[in-house]
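Written out below as structure tokens is the structure these notes cover.
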Amino acid sequence: MSAPADRDDAVRSTRSEQARRVLAARIMDGALAPGTPLRIGALSRDLAMSATPVREALNLLTGEKLVEYLPMRGFVVTRPPDDDQVRTMGEARLLLEPELAALAAQRATGPERAALAATLESTAAAGVGARFHEYEGYLEHSSSFHAEIARAARNPYLAAALEGIPVHTLRFRRFGDAGVDDSEISVQEHRGVLEAICRADAEAARTAMRAHVRAVTDRALRPGASDGPAA
């Protein structure tokens, strides 16, 4: 590929990410309500960019489960999961994540353990204000912690099953109105998982992750949560 083409791709990728972040913030802050249609043409005019990066941004948000594509309607803002869906997601995570943590305790390399520790510290240091741009970094680091454990487990089938659970939609349940309100306890729970992995204690890692997933699910179900918990 020629240098100009490379530059064009890089610019488009940057614009797509810019559009993704703007739209994600509007969704999480409530400016774009669940069910709102997302018209590419209108968004292109609003964001002052071409249709291509806007379409790519919507596809990225679809992958994050903040947007969905409906036949005959196009892209719309995803609706928050109801209580039954939250419980179902919790059940699925309980089948997968404790085992992934146990496998990671057995298989993680030294560099992977160090990377997990660094991610945890980044999570702990991230801001957790009321607006999405203030806690976006926290969400990214918290999600990365779980993804890194799944990779360290070296079981692509379990990892793929976990990726199919729309955990991102839990953001709507508690974060939307007031931002992250469980960061300290969530980081503490993550630290318990990490310590077990670093000790290569599979059973302790399994137990710690099971407790964390149960706690996250419970926090997502408590009164007032239906308005964005930390993963």
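Residue numbering for the sequence shown is 1 to 231, as defined by the UniProt record's numbering.
Every residue, glycine too, gets a C-beta built ideally from N, C-alpha and C.
Please read all numbers here as calculations on a predicted model, not as lab measurements.
Check: Residue from Ala220, His168, Ala31 whose Cα sits closest to the Cα of arginine 131; Outcome: Ala31
Check: Meets three-Cβ-pair contact criterion under 8 Å: the stretch 109-120 and the stretch 181-194; Outcome: yes
Check: Length at least 4, wholly inside the stretch 31-110: the alpha helix (DSSP H) runs in chain order; Outcome: 40-47, 51-63, 83-107
Check: Cβ pair leucine 206, glutamate 99 closer than 9 Å; Outcome: Going by the sequence as given, residue 206 is arginine instead of leucine. Yes.
Check: Whole-Å CB distance - glutamate 140 paired with methionine 209, under 8 Å assumed; Outcome: Actually they do not touch by this definition, with Cβ atoms about 20 Å apart.
Check: Distance CB(threonine 217)-CB(arginine 93) smaller than 9 Å; Outcome: yes
Check: Exposed unless 16 or more other CB atoms sit within 10 angstroms - verdict on alanine 148; Outcome: Here residue 148 turns out to be glutamate, not alanine, going by the sequence shown. Buried, since its Cβ has 16 or more Cβ neighbours within 10 Å.
Check: Beta-carbon separation (whole angstroms), valine 77 vs threonine 36, contact threshold 8 Å; Outcome: 5 Å
Check: Rounded C-alpha distance that separates arginine 151 from glutamate 134; Outcome: 28 Å
Check: C-alpha gap between methionine 1 and glycine 110, whole angstroms; Outcome: Only weak support is given to the placement of methionine 1: the predicted model assigns it a pLDDT of 48, under 50, and the question is left unresolved by the model.
Check: Three-state secondary structure assigned by DSSP to aspartate 29; Outcome: coil
Check: Residue closest to proline 166, alpha-carbon to alpha-carbon, out of Leu43, Arg45, Glu68; Outcome: Glu68
Check: Whether arginine 107 touches alanine 153 by CB criterion (9 Å); Outcome: yes
Check: Three-way DSSP call (helix, strand, coil) for glycine 137 in this model; Outcome: helix
Check: Neighbourhood of methionine 49 by C-beta distance below 6 Å, restricted to the same chain and skipping five residues each side; Outcome: Arg15
Check: Collapsed DSSP secondary structure at valine 22 in the structure displayed; Outcome: helix
Check: Sub-9 Å separation of alanine 24 and glutamate 56 beta-carbons; Outcome: no
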